[in-house]
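**Student:** Handing you a structure now.
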Amino acid sequence: MVIARISEIARHVGQEVRLQGWLYNKRSSKKLQFLQVRDGSGIIQAIVSLEDVGAEMFAVADALTQESSLIVDGVVREDPRSPIGFELHAKAVRVVGKSVDYPISKKEHGDAFLMDHRHLWLRSRRQHVILKIRHTIIKAIRDYFDGNGYTLVDSPILTPNAVEGTSTLFTTPYFERKAYLTQSGQLYQEAAAMAFGKSYCFGPTFRAEKSKTRRHLTEFWMVEPEVAYLELEGLMDLCEDFLCSVVQRVLEVHEKDLTEALERDITHLKNVQKPFVRLSYDNAVKEITQIRDSVTDAEQKALLDITWGMDFGSPHETELTKRYDRPIMCFGYPSEVKAFYMKRDPSNPRVCRNVDVLAPEGYGEIIGGGQREDDLDTLERAIAHENLPKAAYEWFLDLRRYGTVPHAGFGLGVERTVAWVCGLHHVRETIPFARTLDRLEP
Ligand code: 4AD
Ligand code: MG
2 MVIARISEIA RHVGQEVRLQ GWLYNKRSSK KLQFLQVRDG SGIIQAIVSL
52 EDVGAEMFAV ADALTQESSL IVDGVVREDP RSPIGFELHA KAVRVVGKSV
102 DYPISKKEHG DAFLMDHRHL WLRSRRQHVI LKIRHTIIKA IRDYFDGNGY
152 TLVDSPILTP NAVEGTSTLF TTPYFERKAY LTQSGQLYQE AAAMAFGKSY
202 CFGPTFRAEK SKTRRHLTEF WMVEPEVAYL ELEGLMDLCE DFLCSVVQRV
252 LEVHEKDLTE ALERDITHLK NVQKPFVRLS YDNAVKEITQ IRDSVTDAEQ
302 KALLDITWGM DFGSPHETEL TKRYDRPIMC FGYPSEVKAF YMKRDPSNPR
352 VCRNVDVLAP EGYGEIIGGG QREDDLDTLE RAIAHENLPK AAYEWFLDLR
402 RYGTVPHAGF GLGVERTVAW VCGLHHVRET IPFARTLDRL EP
């Protein structure tokens, strides 16, 4: 017997095949059962007729409960009324494992309940679609860098030093010492770029974020390219080209999933075309000030308060992105609010050569990156200024001692990207098993 996957069912029209799956849903009448069978690759309707299968097997189908695992043998028929264009006329139905009182039903469940049952929630159509899109995004990211001359150089997860400030470090015992879970693979990519010219890493990164927001996870996935002899302007070209290619791929593969299963308005995604908006920090501050002055609600006004020197918060980013129909590349932030490794602008050292890419529709920062400080003395001073333990950064300083060159790179957060592409309110649905301040389970 041919074992068929639902995603490839078109190949088997007229044939008898075996489906191995689970019962998603069911409708029945006295003489017919309509089983919605899912096998992980799709959902198909299997029709069980009393006349065809006999009373005993009909009773088996009749007793099936939601998410029982089952094997169905039947003949594949084309059917224009089916959402996938095909259905299965069952000849035999067999239960593999029963499912009694499956906790997730069609009724509305709260977010906390669904997250507690995440191990089962993954089977629902909407969650299934989101994780399929996540897969496509990750594949598109890898294809972009693999296809453009970058070498994959994995950064370690256990590290001796901080990258993005010391307030969000997870510490773990490491034999007689302590180690940190990496916040970013960047410092190692800088070494890799000096060895390979263009490199990237793609892995989980960790931040002990004590805030509960819809954008923060404590464990998230980040892709981090790094390029030798690249400066800020070239980096912005790279961000643009890269994001266009990723979004284009999702539209090619998932247009129907986005518009039908997720009810996503994809006009904004279709606008992800070059050129993006390039906005200096100075001009962004001016725009935010204008927005703030035009707001009447006192609370919202306070949230939008801004003076030169402050970092942008989510409300600032959200309002800025609503003004444009495509991503914004905001560059030239005050050095004080950015990490120690950022290249100071030679014409104005209060400003650094960084770029944050803000996704449209209020999604905010999805990429953080910039040109790196390539001057040994300036970098040593920055490390001292931040009170970082210099000894732990000696190897990083070596990169400036032995053939330093201008170089730049960025980090794109996968979950924020998936949230934006899918139009989701919260990042928790964008990762198979979310880790947040108050969640380590399941
Ligand atoms: O802006 P960040 O902190 O930049 C870095 O870590 C750089 N070292 C990357 C580099 O230049 N190689 O983080 C980069 C991106 C953010 O724009 C965001 O998309 C994501 O990582 N990110 C988070 N995503 C989910 N939860 C969090 N707590 C995140 N923190 C950052
Ligand atoms: Mg950032």
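The working numbering numbers the first residue of the sequence shown as 2 and each following residue consecutively.
Every residue gets a Cβ at the ideal spot worked out from N, C-alpha and C, and that includes glycine.
Starting from the N-terminal side, write out each stretch of the alpha helix (DSSP H) that is 4 residues or longer and does not extend beyond the segment 139-205.
**Tutor:** 187-197
**Student:** Any chance you could list the residues with Cβ under 7 Å from a heavy atom of the ligand MG, keeping chain order?
**Tutor:** Asp357, Glu366 and Gly369
**Student:** Applying the 10 Å Cβ sphere with the 16-neighbour rule, what's the burial state of Ser212?
**Tutor:** Along the sequence shown, one-based indexing puts residue 212 at 211. Classification of Ser212: exposed, given that the 10 Å Cβ count is below 16.
**Student:** Use the C-beta contact count for Ile4: other C-beta atoms within 10 angstroms, 16 or more gives buried, fewer gives exposed.
**Tutor:** Mapped onto the sequence shown, residue 4 falls at position 3. It counts as exposed.
**Student:** My guess is that Gln190 and Glu241 are in contact by the Cβ rule of under 8 Å, so how many angstroms apart are they, rounded?
**Tutor:** Position 189 of the sequence shown, counting from 1, holds the residue named residue 190. Position 240 of the sequence shown, counting from 1, holds the residue named residue 241. So it is not a contact: roughly 20 Å between Cβ atoms.
**Student:** Three or more C-beta pairs under 8 Å: does that hold for the segment 369-388 against the segment 429-438?
**Tutor:** no
**Student:** Would you tell me roughly how many angstroms separate the C-alpha atoms of Arg401 and Ala192, rounded to the nearest one?
**Tutor:** Translated into positions along the sequence shown, residue 401 becomes position 400. Translated into positions along the sequence shown, residue 192 becomes position 191. Their Cα atoms are separated by approximately 10 Å.
**Student:** So is the beta-carbon of Arg440 under 7 Å away from any non-hydrogen atom of the ligand 4AD?
**Tutor:** Counted from its first residue, the sequence shown places residue 440 at position 439. False, no ligand heavy atom lies under 7 Å from that Cβ.
**Student:** For Arg250, which of Arg143, Gly314 and Tyr151 has the nearest alpha-carbon?
**Tutor:** By 1-based counting over the sequence shown, the position of residue 250 is 249. The shortest Cα separation from Arg250 among Arg143, Gly314 and Tyr151 belongs to Arg143.
**Student:** Less than 8 Å between the beta carbons of Tyr230 and Ser200, yes or no?
**Tutor:** Locating residue 230 in the sequence shown gives position 229, counting from the first residue. Locating residue 200 in the sequence shown gives position 199, counting from the first residue. Taking 8 Å as the Cβ cut-off, Tyr230 and Ser200 do not qualify as a contacting pair.
**Student:** What is the DSSP secondary structure of Ile131, counted as helix, strand or coil?
**Tutor:** As a working mapping, residue 131 is identified with position 130 in the sequence shown. Here Ile131 sits in helix by DSSP.
**Student:** Could you tell me if the beta carbon of Leu153 falls within a distance shorter than 7 Å of some heavy atom in the ligand 4AD?
**Tutor:** As a working note, residue 153 is residue 152 in the sequence shown. No - the ligand 4AD has no heavy atom lying nearer than 7 Å to the Cβ of Leu153.
**Student:** Measure the alpha-carbon distance for Val352 versus Gly333 and round it to whole angstroms.
**Tutor:** The sequence position of residue 352 within the sequence shown is 351, counting from 1. The sequence position of residue 333 within the sequence shown is 332, counting from 1. Straight through space, the alpha carbons of Gly333 and Val352 are spaced by roughly 6 Å.
**Student:** Is the separation between the beta-carbon of Gln34 and that of Asp63 shorter than 8 Å?
**Tutor:** Taking the sequence shown and counting its residues from 1, the one referred to as residue 34 is at position 33. Taking the sequence shown and counting its residues from 1, the one referred to as residue 63 is at position 62. It is a contact, given that the beta carbons lie within the stated cut-off.
**Student:** Our contact map puts Gln184 next to Arg208 with C-beta atoms below 8 Å; I'd like the distance itself, whole angstroms only.
**Tutor:** Here residue 184 refers to the residue found at position 183 when the sequence shown is read from its first residue. Here residue 208 refers to the residue found at position 207 when the sequence shown is read from its first residue. Between Arg208 and Gln184 the Cβ distance is about 6 Å, and since that is below 8 Å, they are a contact.
**Student:** Are the beta-carbon atoms of Val338 and Asp312 separated by less than 8 Å?
**Tutor:** The residue you call residue 338 lines up with position 337 of the sequence shown. The residue you call residue 312 lines up with position 311 of the sequence shown. It is a contact, given that the beta carbons lie within the stated cut-off.
**Student:** Determine the direct distance from the alpha carbon of Val419 to that of Ile134, and round the result to whole angstroms.
**Tutor:** As a position in the sequence shown, residue 134 is number 133, starting the count at 1. As a position in the sequence shown, residue 419 is number 418, starting the count at 1. Roughly 7 Å between the two C-alpha positions.
**Student:** Give me the DSSP bridge partner(s) of Gln46.
**Tutor:** By one-based count along the sequence shown, residue 46 stands at place 45. Paired residues: Gln37 and Glu88.
**Student:** Just to confirm, is the Cβ distance from Leu24 to Glu68 under 8 Å?
**Tutor:** The count along the sequence shown starts at 1 and reaches residue 24 at position 23. The count along the sequence shown starts at 1 and reaches residue 68 at position 67. The answer is yes: Cβ separation under 8 Å.
**Student:** Anyone know if the C-beta pair for Arg327 and Val248 falls short of 8 Å?
**Tutor:** Within the sequence shown, residue 327 is the residue found at index 326, counting from 1. Within the sequence shown, residue 248 is the residue found at index 247, counting from 1. No, the pair does not count as a contact, with Cβ atoms beyond the cut-off.
**Student:** Could you tell me whether the segment 42-50 touches the segment 98-111, where touching means 3 or more Cβ pairs closer than 8 Å?
**Tutor:** no
**Student:** Bridge partners of His408, per DSSP?
**Tutor:** If you number the sequence shown from 1, residue 408 lands on position 407. Per DSSP, Ala229.
**Student:** Under DSSP, the alpha helix (DSSP H) around Asn284 begins and ends at which residues?
**Tutor:** Here the question's residue 284 lines up with position 283 in the sequence shown. Where Asn284 is concerned, the enclosing alpha helix (DSSP H) stretches over Tyr282 to Ser295.
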